[in-house]
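Here is the structure we will look at.
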Amino acid sequence: MTLSLVVVLNGRPPAMATSLEGQTWTGASFPVENFQAYTSPFGFRHSPTGGRGYEFHSGLDIAAPEGSYIRSWWGGTVVEVINDSGCGVGLVIESGDWEHIYCHLGGQVQTRLGRRTLMDRGGIQVVEGQSVPSAARIARVGMSGRTTGPHLHWGLRYGDRWVDPALVLRAMHRDR
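Plus 45 on top of the position in the sequence shown (first one is 1) and you've got our numbering.
Structure representation (structure tokens):
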């Protein structure tokens, strides 16, 4: 799987889900400890790093102090450990038809026994193929990749469609 944190608009918008009907959210977890603010919403925006035009932002940016824990939104399997120029250090977790994407993490990516592993100095170690429960501490807020400050870029996909994480958070709050 190749993750694209930002898709530059080329005349066609990406597929986006517009309804969360029928979903239940018991067991879901807010993904960031020490929440400070939402700093960039899902959808089209001007480039935050000075690029021209509009680009599609595939998630919700959640500011927190560097080093704050990030928790798995839902239980699932780590299907990819990422290290690229956009997402930086990141994880993709699959939970049934859902994929949750975590970018700009602290730590480093290493290959151990043929599997990519996210490791940080504080003892977090997440390996491709690993099962993680909901609310498990899976990483820390960092500034890796294309970022302007410490935050979590949290993306959600349902099937082949991007979902606005703010809609999911509102639905989770209603279900509590």
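Every residue, glycine too, gets a C-beta built ideally from N, C-alpha and C.
Cβ-Cβ separation, residue j to residue i (assumed contact under 8 Å), whole Å
i, j, result
"aspartate 142", "glycine 72", "With 8 Å as the limit, aspartate 142 and glycine 72 do not qualify as a contact, their Cβ atoms being about 15 Å apart."
"glutamine 175", "valine 123", "5 Å"
"serine 113", "glycine 200", "That pair is no contact at about 18 Å."
"alanine 216", "leucine 105", "Their Cβ separation, rounded to whole angstroms, is 14 Å, which puts alanine 216 and leucine 105 out of contact at 8 Å."
"glutamate 144", "arginine 202", "4 Å"
Residue i - DSSP class collapsed to helix/strand/coil
i, result
"valine 164", "Per the sequence shown, the amino acid found at residue 164 is methionine instead of valine. Note: methionine 164 maps to strand in three-state DSSP."
"leucine 158", "coil"
"aspartate 106", "strand"
"alanine 216", "helix"
"alanine 180", "coil"
"alanine 73", "coil"
Contacting residues, own chain, Cβ-Cβ under 6 Å from residue i (five flanking each side not counted)
i, result
"glutamine 81", "Ala108 and Ala109"
"valine 172", "Arg160 and Thr162"
"valine 53", "Note that valine 53 scores 36 on pLDDT, short of 50, meaning its location in the model is unreliable and no value can be drawn from it."
"proline 178", "Gly120"
"serine 140", "Trp119 and Gly121"
"histidine 218", "none"
"histidine 198", "Gly104, Asp106, Cys148 and His149"
CB of residue i within 9 Å of CB of residue j, strictly
i, j, result
"valine 134", "leucine 150", "yes"
"alanine 180", "aspartate 165", "no"
"glycine 120", "arginine 191", "no"
"phenylalanine 87", "tyrosine 99", "no"
Residue from the options whose Cα sits closest to the Cα of residue i
i, options, result
"valine 126", "Gly168, Arg202 and Arg157", "Arg157"
"glutamate 111", "Ser130, Trp119, Tyr83 and Asn79", "Asn79"
"serine 74", "Cys148, Ser85, Arg116 and Gly167", "Arg116"
"valine 154", "Asp220, Thr193, Asn128 and Ser85", "Asn128"
"serine 85", "His196, Leu214, Asp220 and Ile146", "His196"
"tryptophan 118", "Tyr147, Arg97 and His91", "Tyr147"
Residues near residue i in its chain [Cβ-Cβ closer than 8 Å; skip 5 each side]
i, result
"isoleucine 169", "Gly152, Leu163, Arg182, Ile183, Ala184 and Arg185"
"glycine 194", "Thr84, Ala108 and Met188"
The ligand PLP heavy atom lying under 8 Å from the CB of residue i
i, result
"arginine 160", "With respect to small molecules bound, the structure shown includes none, and the ligand PLP cannot be examined in it."
Contact set for residue i: own chain, Cβ-Cβ below 7 Å, skip 5 residues either direction
i, result
"threonine 69", "Asp220"
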